[in-house]
Amino acid sequence: MQILLALHHTEIREMLGFSVESRTGVKPFEAGTAKAAIQSLADHGAIRIVICEYPGISDVLFRHIISLNRTREDKDQIRTIVCAAKKPEDDPVLQKMNILGFASTAKLIDSTLNLLFPHFTDVNSRTTPDSDKQLTDDDTCRIKTTLLIRVGLLQAGVYIRLSPTKYVKMFREGDQFESNDYQRILNEKSLEHLFLRKDECSEFLNKFKNDLLVLVQAETLPENVYPELLEAIHETTSELLNKLGMTAEIQEVIKANVSLTIKAMGKSPKLSDILGKLEIDRDKYISSHSVLLPQIACTLAIAMDWKSEPTLQKLTLAAFMHDTVFTNQALAKVDNLTELANRKAEFTEEELKQYKTHPVKTSELAKQLQEVPPDIDTIILQHHERPNGSGFPRGLAYQHISPLGVVFIVAHDLVSALFDQTRPFVLERFIEEKKSEYVSGNFKKLLGHLVALKL
Ligand SMILES: [Fe+2]
Ligand SMILES: [Fe+2]
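Using the numbering used here, the letters of the sequence shown correspond one by one to residues 1411 to 1865.
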């Protein structure tokens, strides 16, 4: 079943498009005018759901849909989700439509997804082929070899990847291999990653979660937890999240990781200690900055005297999730839409779109987490906003950015400066340069605290 998004505003259309795709697995067609929408319906006969605004470009389009439906059987009817500020009453045109539901513009993404959800099976319902010969990148998950060593013996088969469509089984189910075998692979063959079939990841995830919980409960943590282990967890969990969606098992792993990160941070984290252990590795930007970020964000929040457990959990979870959709390290490093436009030639069309919509997509993913403190999705959604309103996706000015959103943005700016390969990081210069930008509200307050943080 295909979907058409007929919405006038490009940014809203793109945000909703990405959310619909991530939740249903169906990439919707898009149209910004009634004419383009009618053309799209003519070009793509499989469109059965149209999402459009009311009033707006709808009237001509509505009449066209009514005339198409007149000649169609019930199963082929085009159903419409009407996005409106208020549910329209007594509209004679609407009464002739096959309406799937009304989505309130105030909660456009949530209400649209709720209406769509019952009509789609899960995005991950594609079955993994029985034969190993048919395995492709879509059927497997890439796991850090070091993490496989940690969890030990698995019943599942473990594969190496020769090409996007060729996998070879390294260990068979139930093979009596030991951690030495993995260690040999890591050392002799330099295989930093091994692969599991998507449909056989449960066992790994359960063992992995238990391993993390043992660390959470341990009296003292081994040396290599920060940053090596936390980075490996971030990389592998992001891969599993992108391949399997927000399953109950992945949620457990993410929550265990948050507890471990907070434990590794200690009661009063000092930035100088954190930075002492920092290794700037450009090739691992996504995981490295996502692991450094909670440490810095929590330190800033504590400096503002916001140090409750839920606050630290929110910032840590937001940091873990905020860039999980990226696989291109260079793309994740882009700071804003101006930089993206200047470096357009380096990325594909799909990547450009992925960048523009990633705050929405990752905040949508965060909403699927059960039993976590509220507002994590807001922090994630706002992580590319700027104090003067020049950010994206909403262009919010400082007074509309949530307090923890501000902490997160400032921490992210610090992390970007730390990862800047063009010049060494100097806190005094960072503060000086930000004085003209952090001029109001919590941004200004945080700037004051930065002076005292002694990096
Ligand atoms: Fe980021
Ligand atoms: Fe980002």
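The beta carbon of each residue, even a glycine, is placed where N, CA and C say it ideally should be.
Between Thr1434 and Leu1525, the gap from beta carbon to beta carbon reaches 8 Å or more. Counting every other CB atom within 10 Å of its CB across the protein chains shown gives Gln1565 a total below 16, marking it as exposed.
A buried status is given to Gly1801, since no fewer than 16 other beta-carbon atoms sit within 10 Å of its beta-carbon. With distances taken between CA atoms, Lys1496 lies nearest to Pro1465 out of Pro1465, Leu1615 and Asn1738. Around Thr1515, the same chain offers Glu1463, Cys1493, Ala1494 and Ala1495 as residues with beta carbons nearer than 8 Å, after the five sequence neighbours per side are excluded. Under the 10 Å beta carbon count, Met1411 is surrounded by fewer than 16 other beta carbons and is classified as exposed. Leaving aside the five residues that flank Ile1811 on each side, the residues in its chain whose CB is nearer than 6 Å to its CB run, in chain order, Gln1792 and Glu1795.
Residues close to ligand 2 by the beta carbon criterion (under 7 Å to any non-hydrogen atom) are, from first to last along the chain, His1732, Asp1733, Ala1742, His1768, Pro1769, His1793 and His1794. A straight line joining the alpha-carbon of Tyr1592 with that of Thr1555 spans about 7 Å. Going by beta carbons, Leu1478 and Ile1488 fall inside the 8 Å limit. Rounded to the nearest angstrom, the gap between the Cα atoms of Glu1499 and His1732 is 40 Å. Taking a cut-off of 8 Å on C-beta distances, the region 1547 to 1563 touches the region 1616 to 1625, as three or more cross pairs fall below it. Collapsing the DSSP output to three states places Tyr1848 in coil. The three-state secondary structure of Leu1604, taken from DSSP, is strand. For Met1675, the enclosing alpha helix (DSSP H) starts and ends at Ala1658 to Met1675. Taking Ile1841 as the centre and dropping the five residues before and after it, the same chain places the C-beta of Leu1857, Leu1860 and Val1861 closer than 7 Å to its C-beta, in chain order. The DSSP-derived three-state label of Gln1412 is strand.
Counting the other Cβ atoms within 10 Å of the Cβ of Lys1665 gives 16 or more, which makes it buried.
Collapsing the DSSP output to three states places Tyr1808 in a helix. Nearest neighbour of Asp1693 by Cα position, chosen from Lys1673, Ile1519, Ala1728 and Asn1738, turns out to be Asn1738. The continuous stretches of alpha helix (DSSP H) do not include Met1507, and DSSP gives it neither H nor E. Not a single heavy atom of ligand 1 lies less than 7 Å from the C-beta of His1644. Here Thr1758 is exposed. Its C-beta has fewer than 16 other C-beta atoms within 10 Å. Taking one beta carbon from each stretch, the region 1631 to 1638 and the region 1591 to 1608 have fewer than 3 pairs nearer than 8 Å; the two do not touch. In this structure, DSSP gives Ile1553 an extended state, which the three-state scheme calls strand. Contact between the region 1465 to 1476 and the region 1420 to 1434 is absent: fewer than three C-beta pairs spanning the two stretches fall below 8 Å. Inclusion of His1699 in the 7 Å shell around ligand 1 follows from its C-beta lying nearer than that to a non-hydrogen atom of the ligand.
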